[in-house]
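Below: one structure, written as structure tokens.
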């Protein structure tokens, strides 16, 4: 098969389309002929040499994919050759084939194009596990989403609104804010011109920035608020005001998804299938796709992501 390989860390040009060995199908694995993958910020960090795949994962980038099952290994439950699926991966999505534990595989939701389905697994699992499983967002509460126009942000807006929450987003342009409002956000804050901590008080904050936003996030929390940090685009270290945290009886959670054990990922995937997929089937939630790029041109897709101009997901099509 062919896959995107990284011989040495570097810029987008480090992504090279090469012939590589086919994946080996292990016990409990599903082999997928990949129709599409999607670009995530973690792929950029891997390309730069800052985020190696966990042990046993394929060396190629790509944390999600969609496609058709071509083969199943022993002990696989619920899937057969010919099934249209999408999957949460530990790596290997930038390839023509990928083997993945069956617990991380999901059927393609009704009414969703097979290629577009590649943009759902990572964001759906990230939002469900962090906003609902960890932070336990409830109906009527306020969710603040940083990077509301990102792939994660556009899904978080739609899902939180579907569950009856008020949603506020930060974004870097009027165009991005307008798109978030179209998706259901109640308020948008231009972080280039406004201080979010002065404008909103939130029960739950979903943060991709990390250290840079830590003081403002704590300030923006309501009493009993929950901050979930899932990224470090603004640095790995920040000052935490423990006095404010204690006074508000608030909590800070830091989570990652990629390195979790298969069983933990399986619990998250089943939660997505049970709680998110029915909303996708009903058309309440839709994938937001900015561009489709041939997989062999993954370098161009990374350039688009790093420009910061996109809204929603960038797909890589086999």
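Residue numbers (the numbering used here): 473 to 790.
Ideal placement from N, C-alpha and C gives every residue a C-beta, glycine not left out.
For clarity, every value in this text was computed on a predicted model and none was experimentally measured.
Range of the contiguous beta strand (DSSP E) that encloses residue i
{"i": "residue 678", "result": "674-679"}
{"i": "residue 579", "result": "577-579"}
{"i": "residue 508", "result": "501-510"}
{"i": "residue 489", "result": "487-491"}
{"i": "residue 783", "result": "No beta strand (DSSP E) contains residue 783, which DSSP labels as neither H nor E."}
8 Å Cβ cutoff met for residue i and residue j
{"i": "residue 460", "j": "residue 540", "result": "With the chain covering only 473 through 790, there is no way to say anything about residue 460."}
{"i": "residue 727", "j": "residue 606", "result": "yes"}
{"i": "residue 533", "j": "residue 515", "result": "yes"}
{"i": "residue 537", "j": "residue 590", "result": "yes"}
{"i": "residue 614", "j": "residue 640", "result": "yes"}
{"i": "residue 724", "j": "residue 699", "result": "yes"}
{"i": "residue 752", "j": "residue 575", "result": "no"}
{"i": "residue 474", "j": "residue 549", "result": "no"}
{"i": "residue 519", "j": "residue 553", "result": "no"}
{"i": "residue 629", "j": "residue 636", "result": "no"}
{"i": "residue 510", "j": "residue 790", "result": "no"}
{"i": "residue 535", "j": "residue 497", "result": "no"}
{"i": "residue 669", "j": "residue 632", "result": "no"}
{"i": "residue 659", "j": "residue 687", "result": "no"}
{"i": "residue 608", "j": "residue 586", "result": "no"}
{"i": "residue 773", "j": "residue 765", "result": "yes"}
Inter-residue CB distance, residue i and residue j (contact presumed, cutoff 8 Å)
{"i": "residue 675", "j": "residue 694", "result": "5 Å"}
{"i": "residue 595", "j": "residue 623", "result": "5 Å"}
{"i": "residue 558", "j": "residue 744", "result": "Not quite, the Cβ-Cβ distance comes to about 10 Å (not below 8 Å), so this is no contact."}
{"i": "residue 618", "j": "residue 685", "result": "7 Å"}
{"i": "residue 784", "j": "residue 626", "result": "5 Å"}
{"i": "residue 545", "j": "residue 499", "result": "5 Å"}
{"i": "residue 792", "j": "residue 584", "result": "In the structure as shown, the chain begins at 473 and stops at 790. Residue 792 is therefore absent and cannot be evaluated."}
{"i": "residue 662", "j": "residue 677", "result": "At roughly 17 Å, the Cβ-Cβ gap does not stay under 8 Å, so residue 662 and residue 677 are not in contact."}
{"i": "residue 682", "j": "residue 707", "result": "6 Å"}
{"i": "residue 713", "j": "residue 690", "result": "6 Å"}
{"i": "residue 748", "j": "residue 573", "result": "Not confirmed; about 20 Å, so no contact."}
{"i": "residue 634", "j": "residue 756", "result": "5 Å"}
{"i": "residue 782", "j": "residue 763", "result": "7 Å"}
{"i": "residue 525", "j": "residue 563", "result": "4 Å"}
{"i": "residue 476", "j": "residue 489", "result": "6 Å"}
{"i": "residue 551", "j": "residue 570", "result": "The Cβ separation is near 14 Å, so there is no contact."}
{"i": "residue 696", "j": "residue 664", "result": "Not a contact, Cβ separation roughly 30 Å."}
Where the alpha helix (DSSP H) containing residue i begins and where it ends
{"i": "residue 646", "result": "646-654"}
{"i": "residue 571", "result": "Note, residue 571: premise wrong, no alpha helix (DSSP H); beta strand (DSSP E) at 569-573."}
Where residue i falls, given that 16 or more other Cβ within 10 Å makes a residue buried
{"i": "residue 787", "result": "buried"}
{"i": "residue 588", "result": "buried"}
{"i": "residue 611", "result": "exposed"}
{"i": "residue 483", "result": "exposed"}
{"i": "residue 716", "result": "exposed"}
{"i": "residue 581", "result": "buried"}
{"i": "residue 777", "result": "buried"}
{"i": "residue 501", "result": "buried"}
{"i": "residue 592", "result": "buried"}
Which parts of the stretch 688-724 are runs of the beta strand (DSSP E), unbroken and 3 residues or longer, counting only runs that do not cross its ends? Counting only unbroken stretches of 3 or more residues, the beta strand (DSSP E) elements lying wholly within the stretch 688-724 are 693-701, in sequence order.
To test your reading of the DSSP string, which unbroken beta strand (DSSP E) runs of 3 or more residues are found completely within the stretch 582-670? Within the stretch 582-670, the complete beta strand (DSSP E) runs of at least 3 residues are 614-618, 638-643, 659-662.
Where are the beta strand (DSSP E) runs, 3 residues long or more, that stay fully inside the stretch 512-566, in chain order? Secondary structure remark: continuous beta strand (DSSP E) runs of at least 3 residues inside the stretch 512-566, in chain order: 536-544, 556-560.
Tell me the start and end of each unbroken beta strand (DSSP E) in the stretch 715-776 that is at least 3 residues and wholly inside, in chain order. As far as the stretch 715-776 is concerned, its whole beta strand (DSSP E) runs of at least 3 residues are 723-726, 761-766.
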